[in-house]
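A quick write-up on the structure given underneath.
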Ligand code: DUC
Ligand code: ZN
Ligand code: ZN
């Protein structure tokens with residue numbers, strides 16, 4: 001039996017702040033207490049530090065095929081970078097190909113991830129081809145712990161589903177207990193605006209943000225909510241970026257519907273000013289939904305405080321500037337969509353604490369506890385309590401750091417936050433009791449991370 005003791009820190013969970021020691025046995029938290037006579041093989045001194053649950057990032061795309069290329073982080077590099085940033089669980093998106101089965105898609109993602117991950121991982125499934133057979137398959141997948149399915153109102157000809165398909169998938173979600181996740185942008189209208197902009201000779205990255213109009217996120221969010229209500233299904237809107245889309249979610253929640261939404265650090269810290277950076281630099285900030293004008297950020301922080309936004313995930317989908325983002329020189333629509341961020345989420349949200357946007361406990365709630373509950377992993381993940389996996393971060397709230405591609409561990413040649421000064425830094429990370437990060441060194445191995453079968457959404461029962 002291996003025993004680890006974490007002493008002297010302030011344990012912060014979504015519900016409590018406690019000056020207690022934490023005892024871990026064989027990868028599981030067994031006790032919290034003060035003045036106990038505990039002995040251990042390893043003692044970690046957390047005096048002056050926070051002791052927090054490992055982050056749960058419920059939205060990543062390792063090695064995602066997109067626009068003729070692949071997201072630059074593999075499961076090996078991306079999960080290692082996640083660990084460096086204090087995230088100990090990811091939920092990635094397996095993809096059904098058009099004409100293919102869910103099984104084929106899921107098997108392919110298991111093959112990419114198995115034996116390579118530094119931290120524990122689970123899967124959502126992207127439904128790219130809703131038909132009788134894939135709807136039937138959803139039942140089996142829920143039984144295997146894949147309990148959430150993403151649909152797209154955007155990307156016609158790639159991932160797009162029309163309203164009839166969306167309704168059918170939502171009905172199946174309601175029947176099986178699965179959660180429908182929605183990319184809410186009107187992709188049919190966006191494609192018209194893209195074509196018109198290019199015909200006018202408008203080719204810069206900035207135009208990506210202009211054609212993906214706020215109104216088209218709001219309209220799609222509204223439509224997704226109404227379709228979910230018709231189906232009697234819960235809804236989780238991913239990567240919400242616009243204040244008017246947030247108002248749609250808030251209204252549905254006020255009316256008592258199970259409508260949930262996440263936002264991402266990029267929408268809290270970056271803006272259309274970044275998309276408009278000179279030259280082709282703006283390509284680094286091309287993602288969908290797009291970055292919005294800076295004044296949306298205060299509304300998103302408020303949504304996080306009021307719980308109209310329940311979760312912050314990264315939508316980590318990195319493409320190198322050289323050779324990948326550059327595919328869109330002369331045509332912004334060919335820039336692969338996505339930003340790196342899996343390593344930065346816990347720090348950026350802690351900066352939100354430092355800046356006074358959210359409390360410490362809310363930080364842990366939106367980054368650890370709620371994503372775990374939303375996606376059926378709580379209390380094994382997302383908290384520090386007897387019986388939970390010992391996924392624990394010792395966090396130095398006073399340390400200063402500067403975010404940079406020079407020092408990050410993601411396999412991408414730029415940082416979306418280059419030069420940004422942050423207060424707070426991960427010091428030590430335990431994944432199921434094993435020290436994987438400590439004193440600036442990585443001690444894990446590919447394959448340490450295990451696949452997690454998830455329960456259904458724990459806000460619905
Ligand atoms: N948005 C992105 O920015 N990248 C991948 C897919 C998506 O929906
Ligand atoms: Zn999406
Ligand atoms: Zn995504």
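Residue numbers (full-length UniProt numbering): 1 to 461. Even glycine gets a Cβ: it sits at the ideal position worked out from N, Cα and C.
Remark: C-beta atoms of residue 204 and residue 156 do not approach each other more closely than 9 angstroms. Between residue 161 and residue 127 the beta-carbon gap is near 7 angstroms, inside 8 angstroms, which marks them as a contact. Straight through space, the alpha carbons of residue 244 and residue 67 are spaced by roughly 29 angstroms.
The DSSP assignment places 345-354, 360-364, 370-374 as complete runs of the alpha helix (DSSP H) inside the stretch 337-388, in order along the chain (cut-off: 4 residues). As summarised for the stretch 264-333, the continuous alpha helix (DSSP H) elements at least 4 residues long and confined to that stretch are 265-269, 272-275, 296-306, given in chain order.
According to the DSSP assignment, residue 21 belongs to no alpha helix (DSSP H) but to the beta strand (DSSP E) extending over 21-25. In the same chain as residue 106, and ignoring 5 residues on each side of it, the C-beta atoms closer than 6 angstroms to its own belong to 94, in chain order. With a threshold of 16 other beta carbon atoms within 10 Å, residue 408 meets it and is buried. Counting of Cβ neighbours within 10 angstroms places residue 441 among the exposed residues, the total staying below 16.
Only exposed fits residue 19, as fewer than 16 other CB atoms lie within 10 angstroms of its CB. Three or more beta-carbon pairs drawn from the stretch 383-403 and the stretch 48-64 are found closer than 8 angstroms, and the two stretches are therefore classed as touching. By the Cβ neighbour-count rule, residue 131 is exposed, with fewer than 16 other Cβ atoms within 10 Å of its own. In this structure, the alpha-carbon of residue 12 lies about 26 angstroms from that of residue 461. Residue 14: not part of any alpha helix (DSSP H); DSSP gives it neither H nor E.
Per DSSP, the continuous alpha helix (DSSP H) segment holding residue 171 begins and ends at 163-176. As the crow flies, the alpha-carbon of residue 291 is around 15 angstroms from that of residue 313. Residue pairing of residue 33 in beta bridges, as defined by DSSP: 21.
Inclusion of residue 152 and residue 138 in the CB contact set at 9 angstroms is not warranted, their separation being larger than that value.
Cβ atoms of residue 184 and residue 451 stay farther apart than 8 angstroms, at about 29 angstroms.
The C-beta separation of residue 63 from residue 136 comes to about 28 angstroms, leaving the pair out of contact by the 8 angstroms criterion. Using a Cβ-Cβ distance cut-off of 8 angstroms, the stretch 287-303 and the stretch 211-222 are in contact, since at least three pairs of beta carbons, one from each stretch, lie closer than that value.
Counted as a single uninterrupted DSSP element, the alpha helix (DSSP H) harbouring residue 205 occupies residues 205-211. Listed in chain order, the non-local C-beta contacts of residue 71 below 7 angstroms within the same chain comprise 61, 62, 63, 64, 317, 318, 319, 338, local neighbours out to five positions each way being set aside.
The Cβ-Cβ distance between residue 296 and residue 271 falls below 9 angstroms. Here the alpha carbons of residue 424 and residue 403 stand approximately 11 angstroms from one another. The DSSP-derived three-state label of residue 112 is helix.
For residue 150, no alpha helix (DSSP H) encloses it; the enclosing beta strand (DSSP E) starts and ends at 148-152. Secondary structure note for residue 454: it is in no beta strand (DSSP E), with a DSSP letter that is neither H nor E.
Placement of the Cβ of residue 368 at a distance of 8 angstroms or more from every heavy atom of ligand 3 is found.
If you check the C-beta of residue 154 against ligand 2, you find a heavy atom less than 8 angstroms away. Separation of residue 329 and residue 280 (C-alpha to C-alpha, rounded to the nearest whole angstrom) is 7 angstroms.
Set against 8 angstroms, the gap from the CB of residue 288 to the closest heavy atom of ligand 1 is smaller. Annotation for residue 138: no beta strand (DSSP E) segment contains it, though the alpha helix (DSSP H) segment containing it runs 132-143. The beta carbon of residue 117 sits closer than 6 angstroms to those of 75, 79, 449, all from its chain and outside the five residues before and after it, given in chain order.
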